[in-house]
Amino acid sequence: MRAIQATVNLAALRHNLAVVRKFSPASKVLAVVKADAYGHGLLRASPGLEDADGFGVLRLSEALALRESGYSQTLLLLEGVFAADELIAAAAHGISIVVHNEQQVQMLEQAVPQLPHPLQVFLKMNSGMNRLGFKPNLFGAVVKRLKACPAVRPDIVLMTHFATADDERGIDLPLSVFQKTTQGLPYSISLANSATILRHPAAHYDWVRPGIMLYGASPVTGVAAAHYGLQPVMQFTSEVIAVQVLQAGETLGYGARFSAETETRVAVIACGYADGYPRHAPNGTPIAINGSISQTLGRVSMDMLFADITHLPEAGVGSEVELWGGLVPVDAVAEASGTVGYELLCAVAPRVPFKVVG
Ligand SMILES: *Cc1c(COP(=O)(O)O)cnc(C)c1O
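Here the sequence shown is numbered in our numbering, starting from 1383 and rising by one per residue.
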């Protein structure tokens, strides 16, 4: 069998959850496990997050899977429900919902007679990102309607999401819009994603919503996850399956993108873009062979990629390769490839076997 594997470290998840609590000691933690727990596997990763106060998912099926596995915490559908039948199922299983548009408000108002229990609503404001939520000038009226709606529990949570919490523009403007609009309303508040947790303590409030930091990657480009004390949760590994020695002038792989200037020993590794490794990784992307840092060479192909082992004479067929993990941060591979750790973690392909440790 091919040696490629992804290992999920539950101890690292528990550690990163503790880091969230250290940054945000007074807030409840809604662990965001959408996108199959950022590619780690929802039910594989959730045992490492069982101390969270709640979980945020996208689809009703994910929330139901968590309930069926015994998680009794708050479970929040981050885009809310898409049809009335989902509303009934969410109510039956005590699943909380985001309400971000008029259609969802009407669905709640019209579902009253069929609902087994009222639901907890996280009402979303569009504070400037212009993705989901009600504009500030409409927000107060929606709060009143939800307060009057028997389908809605009294413990409404007011939320918004920031577009630039990770960069120098920060959150001052949307935060002041949110604060002004919700002033005096007697409800809990939820604003903070990972970047806000790490960089903007004034916006932590009642519920924080960490995603990427739980998995040990950084939400802030150019700042390593280790700087915040985070540990990588996923280790993506494989093996060397062939060795080629290139003479000066010989080229490597599709498109002959790498050309040897001197004699170069090249490891051929069982991992390609069909496994989720980014095809855009340039020559020189960091990779570890037998525990030593090296760099990729040539174009990533569907099932294989190349690394320089000229300086690693002991490396050969069977040597262990870390694509990303504890030696090579996923963010380093992402940065070299023009993307973010989020995308690489989510893109590990279904054909890659997973293992859980810790
Ligand atoms: C994905 C998401 C988060 C988590 O964001 P990270 O940057 O991964 O911490 C928080 N809140 C909402 C609404 C989200 O969609």
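In this text, a Cβ means the ideal position worked out from N, Cα and C, and glycines have one as well. Since we're looking at a predicted model, the values are computed, not measured.
Original post:
Quick one, are the C-beta atoms of Leu1425 and Ala1394 less than 8 Å apart?
Top reply: Pairing Leu1425 with Ala1394 gives a Cβ-Cβ distance that is not under 8 Å.
Original post:
Under three-state DSSP, which class holds Ile1571?
Top reply: Three-state DSSP puts Ile1571 in a strand.
Original post:
Where does Phe1544 sit, in a helix, a strand or coil, going by DSSP?
Top reply: Three-state result, Phe1544: coil.
Original post:
Based on the DSSP output, what are the partners of Asp1690 in its beta bridges?
Top reply: Paired residues: Val1648.
**OP:** Pull every residue with its beta-carbon under 7 Å away from any heavy atom of ligand 2, and keep them in chain order.
**Re:** Ligands in the displayed structure: ligand 1; ligand 2 is not one of them.
**OP:** Can you tell me which of the three DSSP states Ser1360 falls into?
**Re:** Outside the shown range of the chain (1383 to 1740) lies residue 1360, about which nothing can therefore be said.
**OP:** In the DSSP assignment, find the beta strand (DSSP E) that holds Ile1477 and state where it starts and stops.
**Re:** That residue, Ile1477, is in no beta strand (DSSP E); it is neither H nor E in DSSP.
**OP:** Measure the alpha-carbon distance for Trp1589 versus Ser1478 and round it to whole angstroms.
**Re:** Approximately 13 Å between the Cα atoms of the pair.
Subject >> Cβ-based burial, Gly1436 [other Cβ within 10 Å; buried from 16] >> reply: With 16 or more other Cβ atoms within 10 Å, it is buried.
**OP:** Report the three-state DSSP secondary structure of Pro1518 (helix, strand or coil).
**Re:** Helix, per DSSP.
Original post:
In its own chain, which residues sit with a C-beta less than 7 Å from the C-beta of His1662, not counting the 5 before and 5 after it?
Top reply: Close CB contacts of His1662 within its chain, under the 7 Å cut and outside five residues either way in sequence, are with Ser1719 and Gly1720 (chain order).
Subject >> Contacts around Ala1577, its chain only, beta-carbon distance under 7 Å, and the 5 residues preceding and following it disregarded >> reply: Taken in chain order, the residues that qualify are Ala1547, Asp1548, Pro1601 and Val1602.
Subject >> As assigned by DSSP and simplified to three states, the class of Phe1464 >> reply: DSSP places Phe1464 in coil when its eight states are reduced to three.
Subject >> Reference Thr1564; option with closest CA among Pro1532, Arg1396, Phe1516 and Ala1530 >> reply: When only C-alpha atoms are compared, the closest one is Phe1516.
Original post:
Closest to Lys1404 by CA distance: which of Ala1630, Met1595 and Ile1623 is it?
Top reply: Taking Lys1404 as reference, the option from Ala1630, Met1595 and Ile1623 with the minimal CA-CA separation is Met1595.
**OP:** Give every residue of the same chain whose Cβ lies closer than 6 Å to the Cβ of Pro1556, excluding the five residues on either side of it in the sequence, and list them in chain order.
**Re:** Hits under 6 Å: Ser1509, Gly1510 and Phe1544.
Original post:
Cβ atoms of Arg1681 and Gly1635: under 8 Å apart, would you say?
Top reply: In this structure, Gly1635 sits near Arg1681, with a CB-CB distance shorter than 8 Å.
Subject >> DSSP state of Gln1502 mapped onto helix, strand, coil >> reply: Coil, per DSSP.
Original post:
Which same chain residues, not among the five before or five after Ser1641, have their C-beta less than 8 Å away from its C-beta?
Top reply: Within the same chain, Cβ atoms closer than 8 Å to the Cβ of Ser1641 are found at Gly1631, Glu1632, Thr1633 and Leu1634, the five residues on either side in sequence being excluded.
Original post:
What first and last residue would you give for the beta strand (DSSP E) that runs through Pro1668?
Top reply: Going by DSSP, Pro1668 is part of the beta strand (DSSP E) stretching over Pro1668 to Ile1671.
**OP:** Inspect the CB distances between the stretch 1523-1541 and the stretch 1482-1491 and report whether three or more fall short of 8 Å.
**Re:** Yes, they touch.
**OP:** Put Ile1594 into one of helix, strand or coil per three-state DSSP.
**Re:** Correct three-state label for Ile1594: helix.
**OP:** Count the other C-beta atoms from every protein chain shown that fall within 10 angstroms of the C-beta of Val1494, then say buried if there are 16 or more, exposed otherwise.
**Re:** Result: exposed.
Subject >> Collapsed DSSP secondary structure at Leu1442 in the structure displayed >> reply: If DSSP states are grouped into helix, strand and coil, Leu1442 belongs with the helices.
**OP:** Tell me, please, which residues DSSP counts as bridged to Leu1458.
**Re:** DSSP lists Gly1438 and Ser1478 as partners of Leu1458.
Original post:
Along the chain, where does the alpha helix (DSSP H) that runs through Leu1398 open and close?
Top reply: Residue identity check: residue 1398 is Asn in the sequence provided, not Leu. Per DSSP, Asn1398 belongs to the alpha helix (DSSP H) from Leu1392 to Phe1405.
Original post:
If Leu1705 and Tyr1659 are in contact, beta carbons under 8 Å, what's the gap, nearest whole angstrom?
Top reply: At roughly 6 Å, the Cβ-Cβ gap stays under 8 Å, so Leu1705 and Tyr1659 are in contact.
Subject >> Burial state of Thr1542, where buried means 16 or more other Cβ atoms lie within 10 Å >> reply: By the Cβ neighbour-count rule, Thr1542 is buried, with 16 or more other Cβ atoms within 10 Å of its own.
**OP:** Determine the extent of the beta strand (DSSP E) in which Val1738 is found, giving its start and end residues.
**Re:** Segment Phe1736 to Val1739, the beta strand (DSSP E) holding Val1738.
Original post:
Starting from Gln1561 and walking both ways along the alpha helix (DSSP H), at which residues does that stretch end?
Top reply: From DSSP, the alpha helix (DSSP H) with Gln1561 extends over Asp1554 to Thr1564.
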